[in-house]
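Worksheet for the structure shown next.
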Amino acid sequence: MTPEALIRFARAYCAQKLPWFAPALFQCRIHLTEQVKIAAIDPNFNIYFNPRAIEAIDGSTDRDGSLAQIGFLWIHEISHVLREHYLRSKERNARPYLWNVAADLEINDSDWKGLTMPRRFPGLLPSRFQMRNGQLTEYYYQMLGGKGEAVVASLAGIQEVDGNWDWPDEGSGVHGHSRPWEVRHTDGQQLDEMEVDMVRRSVAMEMKKSSGMGSMPGNWSRWVEDKLQPRVDWRQVLRHRMSVAINQGVGSRIDYSYRRPSRRQAVYHPILPPSLGGDMSARITCVVDTSGSMGPEELGQAVGEVCAVLEAFQIPVTIIPCDARAYEPIMIATPSDSFKLKTLKGGGGTNIIVGIEAALAGKPAPDSVLVLTDGYTPYPKQLYKTPVVFGIFTRGRQASVPKPPNPPWKPDTVVEIPLNGN
Numbered sequence: 001m002t003p004e005a006l007i008r009f010a011r012a013y014c015a016q017k018l019p020w021f022a023p024a025l026f027q028c029r030i031h032l033t034e035q036v037k038i039a040a041i042d043p044n045f046n047i048y049f050n051p052r053a054i055e056a057i058d059g060s061t062d063r064d065g066s067l068a069q070i071g072f073l074w075i076h077e078i079s080h081v082l083r084e085h086y087l088r089s090k091e092r093n094a095r096p097y098l099w100n101v102a103a104d105l106e107i108n109d110s111d112w113k114g115l116t117m118p119r120r121f122p123g124l125l126p127s128r129f130q131m132r133n134g135q136l137t138e139y140y141y142q143m144l145g146g147k148g149e150a151v152v153a154s155l156a157g158i159q160e161v162d163g164n165w166d167w168p169d170e171g172s173g174v175h176g177h178s179r180p181w182e183v184r185h186t187d188g189q190q191l192d193e194m195e196v197d198m199v200r201r202s203v204a205m206e207m208k209k210s211s212g213m214g215s216m217p218g219n220w221s222r223w224v225e226d227k228l229q230p231r232v233d234w235r236q237v238l239r240h241r242m243s244v245a246i247n248q249g250v251g252s253r254i255d256y257s258y259r260r261p262s263r264r265q266a267v268y269h270p271i272l273p274p275s276l277g278g279d280m281s282a283r284i285t286c287v288v289d290t291s292g293s294m295g296p297e298e299l300g301q302a303v304g305e306v307c308a309v310l311e312a313f314q315i316p317v318t319i320i321p322c323d324a325r326a327y328e329p330i331m332i333a334t335p336s337d338s339f340k341l342k343t344l345k346g347g348g349g350t351n352i353i354v355g356i357e358a359a360l361a362g363k364p365a366p367d368s369v370l371v372l373t374d375g376y377t378p379y380p381k382q383l384y385k386t387p388v389v390f391g392i393f394t395r396g397r398q399a400s401v402p403k404p405p406n407p408p409w410k411p412d413t414v415v416e417i418p419l420n421g422n
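For the sequence shown, this note's numbering assigns the number 1 to the initial residue and increments by one for each residue that follows.
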């Protein structure tokens with residue numbers, strides 16, 4: 001069997017043994033190259049295998065053993081992208097080789113049934129460095145940095161070649177630095193961060209639905225909760241303010257009416273009391289800033305917040321992409337509809353006001369409008385009859401971002417959303 005056939009069979013084997021990883025496994029595009037030692041990945045789910053390494057694994061065991069060991073490589077590589085190692089590396093401006101070692105320690109201690117670490121190419125475990133399992137890459141990176149590169153290389157069994165340590169290098173999907181073997185735009189799969197995050201959420205949702213959730217490695221259980229559950233207070237604030245806005249909007253459409261008798265009529269006979277009437281179903285419109293100042297990270301998180309609103313309130317959400325003009329509305333009724341958000345129109349100048357006005361002009365009109373923006377936009381100078389809540393993305397310890405003028409917009413109409421939930 002050829003190396004590529006073995007790789008594809010191992011992917012199917014993984015999807016059978018660990019079906020929750022299927023969205024990420026089958027998002028990958030396979031590339032064979034002898035420039036990588038064993039395997040590598042980039043942020044676009046292009047995955048790279050050294051065919052000689054695959055042949056060495058296959059020659060050291062029977063076919064079932066080959067699938068289990070090559071399957072381990074599959075889960076190892078996609079885990080780097082699922083856990084956002086390349087984004088986290090950029091935040092720390094980390095040294096790529098040392099970060100690669102630390103990232104391997106974060107994921108290699110996961111014990112997946114049916115998978116085996118390749119015996120010909122054993123991976124690194126925390127115990128080799130006298131550290132405990134279950135920690136994050138940032139912890140391992142800090143601890144390894146304190147030991148010094150020479151000590152780390154010695155403990156890891158890394159050889160010195162021509163005066164330099166022969167560090168493991170699994171590519172930009174781990175540390176964010178492009179490598180010579182990685183395919184370019186014309187040859188490889190290109191995904192934006194929004195699409196990649198949708199894959200992460202799909203994996204997390206499949207894990208949460210799985211009957212084996214309770215037996216998963218603890219660090220993966222925490223990852224699922226981190227991806228799907230509210231993590232910090234700002235999410236609770238946003239949910240609360242959206243609830244208030246929705247109730248205000250619905251309340252403006254209902255009133256007492258004599259069209260339907262009150263259920264308390266028998267108590268008040270012969271008086272005929274009215275009953276509440278009107279459309280009580282809630283309607284939300286979300287205006288997403290898609291201007292040039294909104295990068296892939298902001299757009300990716302905007303989609304995440306739309307899905308969070310949908311899951312929290314269990315009602316359809318209308319999405320209006322907006323840069324200097326409002327684009328055609330998109331209806332999202334269930335989380336599975338999120339594929340409609342893979343390509344949001346925009347990229348030009350910014351005027352979120354036209355998006356809000358387009359939302360309010362919708363038929364039927366929304367009960368509340370959620371605006372997701374980086375803040376670099378003109379803001380409306382007057383209140384609307386329909387409640388509007390602004391979710392403004394902030395990066396790191398960014399001191400200030402432009403906010404709606406106060407007055408008339410009160411602080412309780414604005415929620416600051418740290419990127420990546422930080």
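Even for Gly, the Cβ is constructed at its ideal location relative to N, Cα and C.
By the three-class DSSP mapping on this structure, what secondary structure does residue i have?
| i | result |
| --- | --- |
| S181 | Looking at the sequence shown, residue 181 is not Ser but Trp. Coil at W181, not helix or strand. |
| S275 | At S275, the pLDDT of 49 sits below 50, so the modelled position is not reliable; the number obtained from the coordinates is stated separately. In the structure shown, S275 sits in a strand (DSSP, three-state: E or B). |
| R386 | Note that residue 386 is Thr in the sequence shown here, rather than Arg. In this structure, T386 counts as coil in the three-state DSSP scheme. |
| M205 | helix |
| A324 | coil |
| M194 | helix |
| G300 | helix |
| L82 | helix |
| G391 | strand |
| E160 | strand |
| T137 | helix |
| L125 | coil |
| V401 | coil |
| K410 | coil |
| D337 | helix |
| D187 | coil |
| W112 | coil |
| W74 | helix |
By Cβ distance, which residues of its chain are closer than 8 Å to residue i, with the 5 residues on each side in sequence left out?
| i | result |
| --- | --- |
| A204 | W223, V224, K227 and L228 |
| L105 | L124, L125, P126, F129, M131, Q135, T137 and Y140 |
| G65 | T116 |
| P484 | This structure does not reach residue 484, given that the chain is present from 1 up to 422, and the question cannot be answered. |
How far does the alpha helix (DSSP H) with residue i in it extend, from its first residue to its last?
| i | result |
| --- | --- |
| L98 | P96 to N108 |
| I7 | P3 to K17 |
| M331 | Careful: M331 lies outside any alpha helix (DSSP H), inside the beta strand (DSSP E) at I330 to I332. |
| L25 | A22 to L25 |
| G173 | S172 to H175 |
Considering just the uninterrupted stretch of the beta strand (DSSP E) at residue i, what are its terminal residues?
| i | result |
| --- | --- |
| L360 | Note, L360: premise wrong, no beta strand (DSSP E); alpha helix (DSSP H) at I352 to L360. |
| Y418 | According to the sequence displayed, residue 418 carries Pro and not Tyr. Here the beta strand (DSSP E) through P418 covers V414 to P418. |
| L228 | Taken as a continuous stretch (DSSP letters only), L228 belongs to no beta strand (DSSP E), being part of the alpha helix (DSSP H) at G218 to L228. |
| L32 | R29 to L32 |
Below 6 Å CB to CB, which residues in the same chain sit around residue i once its five sequence neighbours on both sides are set aside?
| i | result |
| --- | --- |
| R380 | The sequence shown places Pro at residue 380, not Arg. These residues qualify, in order along the chain: I353. |
| H177 | P96 |
| S110 | P217 |
| Q69 | I57, T116 and P118 |
| A5 | none |
| M294 | D374 |
Which partner residues of residue i appear in the DSSP bridge assignment?
| i | result |
| --- | --- |
| S368 | I284 |
| A40 | Y48 |
| I54 | For I54, which the question treats as bridged, DSSP gives no partner whatsoever. |
| T318 | T285 and M331 |
| G373 | For the sequence presented, residue 373 should be read as Thr rather than Gly. According to DSSP, T373 bridges with I392. |
| W165 | E160 |
Could you name the residues of the same chain whose beta carbon sits closer than 7 Å to that of residue i, not counting the 5 residues immediately before and after it, in chain order?
| i | result |
| --- | --- |
| F72 | L115, T116, M117 and P118 |
| L344 | V288, T290, L299 and P321 |
| K90 | G176 |
| W20 | V203, E206, M207 and S210 |
| R120 | A56, I57 and S60 |
| I158 | W165, D166 and W167 |
| S338 | M198, V303, C307 and I332 |
Do residue j and residue i come within 8 Å of each other at the CB atom, strictly closer than that value?
| i | j | result |
| --- | --- | --- |
| M198 | V81 | no |
| S368 | I315 | no |
| W181 | Q35 | yes |
| I356 | L341 | no |
| F390 | V414 | yes |
| D193 | P335 | Correcting the residue identity first, residue 193 is Glu in this sequence and not Asp. No, the pair does not count as a contact, with Cβ atoms beyond the cut-off. |
| K17 | K113 | yes |
| I78 | I41 | yes |
| T386 | P364 | no |
| V388 | V401 | no |
| I47 | A39 | yes |
Just to confirm, does residue i get its C-beta within under 7 Å of one of the non-hydrogen atoms of the ligand NAP?
| i | result |
| --- | --- |
| P122 | Of ligands this structure carries none, so the ligand NAP is not represented either. |
Is there a Cβ of chain B sitting closer than 8 Å to that of residue i, yes or no?
| i | result |
| --- | --- |
| R128 | In summary, chain B is missing from the structure at hand, where a single protein chain is found. |
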